[in-house]
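Read through the structure below, which is laid out as C-alpha cells, and then see the notes.
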Amino acid sequence: MSAGTLYDKVWDLHRVAELPGGSTQLFIGLHLIHEVTSPQAFAALNDLGLSVRHPERTVATVDHIVPTTSQARPFADPLAEQMLATLEANCAEHGITLHGIGSGRQGIVHVIAPELGLTQPGMTVACGDSHTSTHGAFGAIAFGIGTSQVRDVLASQSLAMGKLKVRRIWVEGQLQSGVYAKDLVLHVIRSLGVKGGVGYAYEFAGPAIEVLSMEERMTLCNMAIEGGARCGYVNPDQITFDDLKGRPFAPAGAAWDRAVAWWSSLASGPDALYDDEVRFDATVIAPTVTWGITPGQGIGVDEAVPTLEQTPPDERPLAQEAYRYMDLQPGKPIAGTPVDVCFIGSCTNGRLSDLQAAAAVAKGRRVAPGIKAFVVPGSEQVAAAAEAEGLDRVFLAAGFEWREPGCSMCLAMNPDRLEGRQISASSSNRNFKGRQGSASGRTLLMSPAMVAAAAIAGKVSDVRQLLPTVPCQQR
Amino acid sequence: MTSTPFPMGPIQALRGRAVVVAGDDIDTDRIIPARFLKCIAFEGLGSQVFADDRAERPASHPFDHPAAQGASLLVVNRNFGCGSSREHAPQALMRWGIRAVVGESFAEIFYGNCLALGIPCFTAPHDGVLSLQAALAAIPTLQLVVCLDSLRLEAADGQSWQLELQPGPRQMLLSGQWDATSQLLSNGADLDRLVGALPYLNGF
Ligand code: SF4
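Here the protein sequences line up with chains A and B, keeping their order.
Take the first sequence: its letters are residues 1 to 475, numbered as in our numbering.
Take the second sequence: its letters are residues 1 to 204, numbered as in our numbering.
And the structure:
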C-alpha cells in the first residue's frame, strides 16, 4: 500500500468520513462543470429539492458544443444553443460563476482552470469529464466523474470514492528535440497499455519530468486516463509555483508564501512507498503516432505498423479490428501515410506552447494542396496570447485556418468533423472509432508539431527533419 | 428495449436473458457516440446505444439480434467502458434494458457510473467469461439469474459461474443504498469542519 505520496497526503486531508458501503467521503476542493455533463445533474438536484452546497467552489465554462467559426448567439445549431442556454440558466439560478463566450476567460475547461489559477497543488478537483486528470500537473488529485456524481458534488461538495493504488512512472534522461510530452505519454501508454493504469493513480517523476514546463506536464497528466489511470500527477515544485504566481485566483501577498510552504510539504517524500514503479528512458523516445483505434496502439514515426506476429496474442483481435477500420497495412511504415485533415487543438495540446511548437514548423512553409488544416486555441486567453505574438498570421500565411476556442474536432460535437472515411492527423487524445464525428472517420494521434509537419507534407512525416537541431539543454 | 422499471431499492438478484458484446477496450464513444450527447436529458438515449457499430453492421450487431430483444444482462470482455466519463453510456444501456454487466474488467469511471444507477458490473476470470459467452452463443435465449448474495450466475440449463463484485458496491446494492447522495448529505457537520480546516479555503 502506498504511503507518504502526494496522493496519500491529499487523500487524508480531504477525507470527510467512511461510508457504510466501504467507500470514503472525499471533499472536493474545486468542481468544474460544462454544458454536456451538467444539465441532467442540475435537473436531478431540482427533482430532489436540493441546493448547491458551495456554489463558490464550482466554476463553469462552455467548450464542447461551441462553434469555432461564428460564435454569434443564438448558435446556428438549436441543440447547441439549448445546451448553453441551460447552463447559463443553471449557473444563474445557483449562483455559480460561468466564464462564457467573450468573457476573455472562456475555453476548454481543462485549459482555463489552470490559466486562471483555480487549479492549485494539494486540491481535489473533479469535473464531469475524464480528462480532468490534466489538473494533476499542479500536484492536485484530479479525476473525471459521471453525471450522478456531478449531482453529488453540487449537493454535498463531496464524493463517495475508493482509494486508488499509486504507481510511480519514473522517466530518466531528457526528451530529444522534436519529441514532446505528447510523445512521452503516447509511449507510456503504448508500453503499459490502455488498461494498465486501471486502479492506479500515476505519479510522473524523474529527471525527464522535472524539467517539463507546466504545459507539458498538463499534456502528460491529461492522457493518464488514456492509460486507464483515473488520475495522474506531478509533484509541485518551483516550476509549478512560478507558473501559478500572479494568476487571477492564485494566492497573493503574505498568503502566497504560506501557500508555497504548504504546497511544498505535500510533495511525495523521499521515503514514500508506492504500490508499483515502472521506469522509462526519455532519450529513446521518438515522435510517436497512433496507427489504430486505441491510444495504446502507437509507434515511433520511424516504425512500421506492427504485424499480427509482433502483437501479443491477447491484443491480436483488437489489432485485426484496427487494420480493418484504419485500412493500414501491417508491416508498412507509418511515415508516408497520407492524411486529409490536420487538427491542432484540444485540452491535450491546445495551449500556447503547443501552438508555438506547431507554428515553428509551419513558419515559411505551405500546407500541402488538398489538405484541410486548422488551429483551434484551447481558450480565449491562449488565442489572445498567440495573436499577440503573431502565431495566427504564421498559421494563416501557411494555409491553416485560425479558429475560435473550444473542443472542436477532438470529439466533433460542434460543426467541425471528419467526413466519411477521411483520416486526420490530430493533436487530440482519442482515436476511437467515430470519435471525430464520422462513423467511419480515422484518427492518427500525434504532437502538434507532428500535425503541422503532416499538414505541410500531406502525409505523416518526422518533424525532426523540419526542425533546426537544438541541443537539449536549450529546450 | 424493455419497459422494466429502472433500478430502485435493494437489489438481491437479477434475472433474464443476456446479450454478448465481445471484444476488449470497447469505449464509451462506441456505446454512445458524441453526437447523441447534444441533449439536456437522458430520456431518448436507449434507442441510440451502439448507434454507429449497429449502423456499420446492419441487423447483425448483437443488440439487433432477435434473441437479444428484452435482454437485461450484458456480457463483455476486458476494459469495457473505457474513455469518456459520459454517464450517457450507462444511461443508454439502462434505458435499452440492461440491468447488470458481466465482464473480465471495467474502466473505473464507467464502473462507478453504473453503480450510481444501480447497475452492478460483475467480473469473472477470462476463462469463465469465455465459457459464458460460448454457452450464450450455443443458446442465445438462455435464461440466467445472478444472486447478489452468493455471486453465482446460474443458467437454466444447469451451468453456473462464480462472479466477483467488490464488497462495498455489493453491500450498497443489497441494502438499496447504491445512490450515495443521502449518505453524503448526512455528514454535514464533518464536512463543515473540514472546510474550516483546509489551508486553501482559509488563506493558507
Ligand atoms: S478537448 Fe476533447 S478531450 Fe478535452 S475536454 Fe474537450 S472534448 Fe474532452
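Ideal placement from N, C-alpha and C gives every residue a C-beta, glycine not left out.
Rounded to the nearest angstrom, what separates residue i and residue j at their Cα positions?
i, j, result
"B:ARG193", "B:ALA116", "27 Å"
"B:ILE32", "A:PHE432", "12 Å"
"B:ARG30", "A:MET218", "26 Å"
"A:ALA254", "A:PHE280", "40 Å"
"A:TRP262", "A:LEU118", "16 Å"
"A:ALA385", "A:VAL376", "13 Å"
"A:TYR7", "A:CYS231", "10 Å"
"B:TYR200", "B:ARG86", "30 Å"
"A:ASP63", "A:GLY246", "25 Å"
"B:LEU245", "B:ASP27", "Residue 245 of chain B falls outside the range modelled here, since chain B spans only 1 to 204, and no answer is possible."
"A:TRP256", "A:ALA250", "8 Å"
"B:GLN159", "B:LEU148", "17 Å"
"A:ARG430", "A:SER346", "10 Å"
"B:GLN183", "A:ASP77", "40 Å"
"A:PRO236", "A:ALA205", "11 Å"
"A:GLN106", "A:VAL382", "10 Å"
"A:LEU308", "A:LEU328", "13 Å"
"A:PRO74", "A:VAL361", "37 Å"
"A:GLN480", "B:LEU45", "This structure leaves residue 480 of chain A out entirely; chain A is present only between 1 and 475."
"A:SER428", "A:HIS131", "11 Å"
"A:TRP11", "B:ILE109", "18 Å"
"A:ARG45", "A:ASN90", "It should be pointed out that residue 45 of chain A corresponds to Leu in this sequence rather than to Arg. If I take the Cα positions, the gap works out to 11 Å."
Which term fits residue i, buried or exposed, when burial requires 16 or more other beta carbons within 10 angstroms of its beta carbon?
i, result
"B:LEU132", "buried"
"B:ASN202", "exposed"
"A:ASN476", "Outside the displayed range of chain A (1 to 475) lies residue 476 of chain A, so it cannot be described from this structure."
"A:MET326", "buried"
"A:GLU389", "exposed"
"A:GLU203", "buried"
"A:VAL284", "exposed"
"B:HIS61", "buried"
"B:HIS126", "exposed"
"B:THR141", "exposed"
"B:PHE6", "exposed"
"B:LEU37", "buried"
"A:GLY104", "exposed"
"A:ASP129", "buried"
"A:LEU48", "exposed"
"A:GLY228", "buried"
"A:ARG393", "exposed"
"B:ALA41", "exposed"
"B:GLN12", "exposed"
Note down, in chain order, every chain D residue with its Cβ under 9 Å from the Cβ of residue i.
i, result
"A:THR86", "Among the chains of the structure shown, chain D does not appear; the protein chains present are A and B."
Output yes or no for whether 8 Å exceeds the beta carbon distance between residue i and residue j.
i, j, result
"B:ALA67", "B:ARG17", "yes"
"A:ALA92", "A:PRO121", "no"
"A:ARG403", "A:THR68", "yes"
"B:ALA155", "B:LEU144", "yes"
"B:GLY112", "B:TRP178", "no"
"A:GLY102", "B:GLN171", "no"
"A:THR5", "A:SER191", "no"
"A:ALA490", "A:ALA455", "Outside the displayed span of chain A (1 to 475) sits residue 490 of chain A, for which this structure offers no information."
"A:ILE28", "A:THR124", "yes"
"B:ALA121", "B:GLY103", "In the sequence as displayed, the identity of residue 121 of chain B is Cys instead of Ala. For B:CYS121 and B:GLY103, yes; Cβs fall inside 8 Å."
"A:MET409", "A:PHE343", "yes"
"B:LEU163", "B:LEU153", "yes"
"B:VAL21", "B:LEU73", "no"
"B:THR181", "A:ARG15", "no"
"A:ARG167", "A:VAL341", "no"
"A:ASP276", "A:LYS163", "no"
"A:LEU273", "A:ALA3", "yes"
"A:PRO330", "A:VAL305", "yes"
"A:GLU226", "A:ILE189", "yes"
If contact is defined by three or more beta carbon pairs under 8 Å, each pair taking one atom from either stretch, is the segment 327-337 of chain A in contact with the segment 459-469 of chain A? As far as the Cβ criterion goes, the segment 459-469 of chain A touches the segment 327-337 of chain A, which means the pair count is three or higher.
Determine contact between the segment 346-362 of chain A and the segment 50-66 of chain B, defined as no fewer than three beta-carbon pairs at a distance below 8 Å. Of all C-beta pairs linking the segment 346-362 of chain A to the segment 50-66 of chain B, fewer than three are shorter than 8 Å, placing the two stretches out of contact.
Given 8 Å as the limit, is there contact between the segment 23-36 of chain A and the segment 188-204 of chain A, that is, 3 or more CB pairs closer than that? The segment 188-204 of chain A and the segment 23-36 of chain A do not touch, with fewer than three beta-carbon pairs separated by less than 8 Å.
Assess, as a yes-or-no matter, whether the segment 408-416 of chain A is touched by the segment 109-118 of chain A under the definition of 3 or more beta carbon pairs within less than 8 Å. Flag = no, the segment 109-118 of chain A and the segment 408-416 of chain A do not touch.
Using 8 Å as the threshold, is the segment 360-375 of chain A in touch with the segment 392-406 of chain A, meaning 3 or more CB pairs across them? In this structure the segment 360-375 of chain A touches the segment 392-406 of chain A; the number of beta carbon pairs closer than 8 Å is three or more.
How do the segment 168-184 of chain A and the segment 145-157 of chain A stand: do at least 3 beta-carbon pairs fall below 8 Å, yes or no? Taking a cut-off of 8 Å for Cβ pairs, the segment 168-184 of chain A and the segment 145-157 of chain A do not touch, as fewer than three such pairs fall below it.
Assess, as a yes-or-no matter, whether the segment 176-191 of chain A is touched by the segment 60-80 of chain B under the definition of 3 or more beta carbon pairs within less than 8 Å. No: fewer than three Cβ pairs fall under 8 Å.
Decide yes or no for the touch test of the segment 90-104 of chain A against the segment 47-59 of chain A: beta carbon pairs closer than 8 Å, at least 3 of them. The segment 90-104 of chain A makes contact with the segment 47-59 of chain A, as at least three CB pairs between them are under 8 Å.
Taking contact to mean at least 3 C-beta pairs separated by less than 8 Å, is the segment 78-97 of chain B in contact with the segment 137-151 of chain A? Counting Cβ pairs under 8 Å, three or more are found: they touch.
Is there contact here, the segment 288-299 of chain A with the segment 312-329 of chain A, by at least three beta-carbon pairs under 8 Å? Output reads yes: the segment 312-329 of chain A touches the segment 288-299 of chain A.
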